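Counted the way the numbering used here counts, the sequence shown spans residues 138 to 868.
Here a beta-carbon is modelled for each residue, glycine too, at the ideal position from N, C-alpha and C.
Predicted, not measured: the structure shown is a model, and the values here were computed from it.
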Amino acid sequence: MSTLRFKALSELPFRDFRRDNHVQVPCKLSDLYCTNVFSENTMREYLAKGAFETIMSAVKKGTKIPREIADQVAVAMKDWAMSKGVTHYTHWFQPLTGTTAEKHDSFFTPIEGDRAIERFSGNMLIQQEPDASSFPNGGIRNTFEARGYTAWDPTSPAFVIGTTLCIPSIFISYTGETLDYKTPLLRALQAVDKAATEVARFFDKNVEKVTATLGWEQEYFLIDSALYQSRPDLLFTGQTLLGHASAKGQQLDDHYFGSIPTRVMNFMKELEIECMKLGIPVTTRHNEVAPNQFELAPMFEEANVAVDHNSLLMDVMARVAHKHHFHILFHEKPFKGINGSGKHNNWSLSTDTGENLLSPGKNPKKNLQFLTFFINTIKAVYEYSDLLRAGIASASNDHRLGANEAPPAIISIFIGSQLTNVLDELEKIKEGKLTPDEKTDLKLNVVGKIPMILLDNTDRNRTSPFAFTGNKFEIRAVGSSANCAEAMTIMNSIVAKQLTDFRNEVEALVRDGLKKDEAIFNVLREYIKQSRSIMFEGDGYSDEWAEEAVGRGLKNLKNTPEALKCETDEKFIQLYEELKVFNRREIEARNEIKLEKYSAVISIEAKVLADIARNHIVPSAIGYQNRLIENVKGLKEIFGDEGLQEVGGEQISLIREISAHIATIKRKVDELIDKKAEATEMEDRQAQAEAFCYRVKPLFNEIREASDALEMLVDDEMWPLTKYRELLFTR
Ligand code: ADP
Ligand code: MG
């Protein structure tokens, strides 16, 4: 009998979750907003006017911060933080491990005469040197230059957690290469700002800055922490590698938007309080489709801050969950047979004049601006769909993409029937100059009608990985455990590149004698023609689409090794070098890190699965089989050989069935171990990842099938693993 499972289960009735941890919101949530953030308001209070203005200009315009101002900011930050009981500070950064990292240093500084003070200077604020040699670096840092350093990102506000002041930072190697998610994102945001501002100025000369916005939606599962601890697969891989579906799963769709269990509600309330204090503007919470699956989403923010807030949120969620005896699962597919989790990235561009460039406006001119950004985004995704696919690839997201419950691995764009009609009309525009009548007709009947149309645009297609949803694009294929920075770096880079090309093409036509709006229409028409094949309005989950997509020349890159192959293509290296987002060395290093990570993840899963199969499943099955054998022996004693067939026939066939499954498990686990060892030996990272994908991983399912069949045969009392029905229905 598995003590773990029964110990975990027996703990549950003794905890009264309704009373324990009952969370009461102490005041209006808005009163808590940003209380732990070194926000604009706090800075206004703690900084002299000149220093405050320098910082705001750095945040808004990217201007440099002189050393003496940094000193003043450091002192202000320290004073504010100490008023909140803070004793330490840390540069908070996002290395390529996928989690956040921090190294705490104390304000405490001994001085002469056995005295000590709290000290924090501009130098300490600007730079810290974590001993970072064990963060992933893809061979960028040799051991002799193993140091990396972190540097303050003034565009994302510092915040307090517990007794630590956290300073959002970038992380780079001593030789200047990026080792984190934030640095390339900041560069991509700069590139898109520059390119989009110039195009926006075609329509409005007052525009001086364009900001990319991001509103993420985070899905997750909550599992009781004792039950979580009882499953070695959850503990080590974040997902269940074995487990028969429970009789009731999500068939009745009764969890989606259903009432939230009290215990979960307490967790959510406390989480919201923590989010408010940290300035994470969460606004919605609800149940998701699968049992024990939930989602939360904030108001959208400037993309860099939104990315930081998502990473921070994931940390905070884990901590708050712990307090409520939950473990939070961000894995994309923790349970077989029920929905997985994603992280939708809603993306748009907005100007410093207060306009959303992906929102249609009140007049034809504004609508032409909308169409320009809308069509350029489509063209960018068309041109760089492989890069986008690679950017969301991971071992865990492979379970979800194309698994008929999340977007398929084929990148396509959904825009809705109304906008499809608009593009059809635009495509008909004749080449070159337009007569005044043609122009009027176009402006009134095509461009002028957009706002009305969009209001009625309710046909939202949930099966598309990339959809236009009224005033923003929604990237739905991002994994729930991913850092949003990667998708955002790609999105903003490809749109920056596309808008630069667009501007050059329009200006060339203007030089050839076309009016500006004619030139814009002409270029947009060509873009629509070129990008047609990526636009798809039908059911993305259907087999017909997979077939049709191939016919259209779209790729269906079904797994991570396939998706990652393209990342080092010259086309993408050129894109990134031109925009100064990455250099060749960084691109190659990152690709290598991802391949290594993929292989490592599958390798760990293989080990865990082999251990559980051999040490838990097979012994339990044999234990139960022995009981059956005893039973048959007893029956034989009573009924003799002749009577046995009649009264013991079923037991004997059960004994045989169990033996067959045990034999399968034994054979497949041996094979798994051999194949894993072979893959581990391989030197070429791409070939190694492919070996893990095509030779090691398929065995998981074969082992699982035999084990899940045993789960249905073996006495519940003897089954060693906590079952789906026990894990998934929190009360
Ligand atoms: P759904 O579940 O239907 O996809 P939600 O209402 O849960 O939609 O989430 C919509 C998300 O879109 C929110 O995170 C919101 O902040 C975000 N969003 C809205 N407008 C913009 C915008 N202009 N730019 C970026 N994100 C936006
Ligand atoms: Mg969504």
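By DSSP's assignment, R252 forms a beta bridge with I248. In the three-state reduction of the DSSP assignment, Q161 falls in the coil class, being assigned neither a helical nor a strand state. Proximity to T300 across T350, K221, H468 and E674 peaks at K221, based on C-alpha coordinates. Around the beta-carbon of P321, 16 or more other beta-carbon atoms lie within 10 Å, marking it buried. Considering only I397, K653 and W682, the residue with the shortest C-alpha distance to T600 is W682.
Taking a C-beta distance under 8 Å as the contact criterion, A434 and T420 qualify as a contact pair.
Beyond the five residues adjoining it in sequence on each side, R204 comes within less than 7 Å, by CB distance, of G259 in the same chain, given in chain order. In the DSSP assignment, the residues bridged to C303 are T227 and F296. R422 sits in a strand when the DSSP states are folded into three classes. Within 10 angstroms of the beta-carbon of T377 lie 16 or more other beta-carbons, which makes it buried. I263 places its beta carbon 8 Å or farther from that of A213.
For K609, the shortest C-beta to heavy atom distance toward the ligand ADP is below 7 Å.
In terms of side-chain proximity, the C-beta atom of F511 is found no nearer than 7 Å to any non-hydrogen atom of the ligand ADP. If only uninterrupted beta strand (DSSP E) runs of at least 3 residues are considered, those enclosed by the stretch 582-650 are 603-605 and 610-612.
Distance between E564 and Y678, taken at the CA atoms: about 28 Å. Taking the Cβ of S485 as the reference point, at least one heavy atom of the ligand ADP falls within a distance shorter than 7 Å.
With a cutoff of 8 Å on beta-carbon distance, I465 and N424 are scored as not near each other.
When only Cα atoms are considered, M402 and E783 end up about 55 Å apart. Not one heavy atom of the ligand ADP falls within 7 Å of the beta-carbon of T577.
Sequence-distant Cβ neighbours of S306 in its own chain, meaning closer than 8 Å and more than five residues away, are H228, W229, F230, Q265, T287, A288, W289, D290 and K319. Leaving aside the five residues that flank E815 on each side, the residues in its chain whose CB is nearer than 8 Å to its CB run, in chain order, A828 and R832.
Per DSSP, P435 is one residue of the beta strand (DSSP E) stretching across Q430 to P435.
It is roughly 6 Å from the alpha-carbon of S670 to the alpha-carbon of R689. I657 places its beta carbon less than 8 Å from that of V643. Out of A747, D445, Q823 and I799, the CA that lies nearest to the CA of T237 is found in D445.
The beta carbon of T490 lies closer than 7 Å to those of D341, N343 and V344 in the same chain, with the five residues before and after it left out.
Using a 10 angstroms sphere on the CB of M451, the tally of other CB atoms reaches 16 or more, which defines it as buried. If you check the CB distance, S367 and E469 do not come in under 8 Å.
With a 10 Å radius around the Cβ and a threshold of 16 neighbouring Cβ atoms, Q825 comes out buried. Secondary structure at F308: strand, using DSSP grouped into helix, strand and coil. Nearest to M219 by C-alpha distance, out of N173, A195 and F673, is N173.
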